[in-house]
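Colleague: In my numbering, the protein residues as written are 3 to 156. Using N, Cα and C, we set each Cβ at its ideal position, and we do this for glycine too. Quick one: the structure is below, and I'll ask about it shortly.
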């Protein structure tokens, strides 16, 4: 049995303390009917920021959506969104380390949890915000949350 104390990730030590919708812009052309929309294209961006002293993580999630309709005669519907999530992690100092170049390395399970919570909460917010617009058929697809973390590193 090892005498080293192993720090384990614990989901119940993560607290979502604030959600901000910093940008919510939908262009829904009058001429474009929902029935003509056959699909959507989207781009997303994810960025993490840290305040280790206060045990806070800031997750910014940016999303751009464009409808794809069966006509070229009209402008497509578009949406631009920016969400910010603030998390308090009770044991952040045990799950994050800073190297000599001031780069933060985060425990993989914590990173995955932050990405999962951010993404799935965004899906729910979008579902309600898009009702009654030309983008109401868009549902943020299920993905591997690690994809968001790889976006963040680019």
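How would you write the range of the beta strand (DSSP E) that residue 86 sits in, first residue to last?
Modeller: Counted from its first residue, the chain shown places residue 86 at position 84. From DSSP, the beta strand (DSSP E) with residue 86 extends over 80-91.
Colleague: Which residues does DSSP list as the beta-bridge partners of residue 48?
Modeller: What you label residue 48 is simply residue 46 of the chain shown in a count that begins at 1. Partner(s): 63.
Colleague: Going by DSSP in three states, residue 15 sits in which element: helix, strand or coil?
Modeller: Within the chain shown, numbered from 1, the residue matching residue 15 stands at position 13. Reduced to three states, the DSSP call for residue 15 is helix.
Colleague: Per DSSP, what kind of secondary structure is residue 150 in: helix, strand or coil?
Modeller: Residue 150 sits at position 148 when you count from the first residue of the chain shown. Helix.
Colleague: Skipping 5 residues on each side, what residues in its chain have a beta carbon closer than 6 Å to that of residue 81?
Modeller: Position 79 of the chain shown, counting from 1, holds the residue named residue 81. Exclusion of the five residues before and after residue 81 leaves 28, 67 and 137 as the residues of its chain whose Cβ lies within less than 6 Å of its Cβ.
Colleague: What does the alpha-carbon distance come out to for the pair residue 102 and residue 95?
Modeller: Numbered from its first residue, the chain shown carries residue 102 at position 100. Numbered from its first residue, the chain shown carries residue 95 at position 93. Between residue 102 and residue 95, the C-alpha separation is close to 16 Å.
Colleague: If contact is defined by three or more beta carbon pairs under 8 Å, each pair taking one atom from either stretch, is the segment 50-59 in contact with the segment 125-134?
Modeller: no
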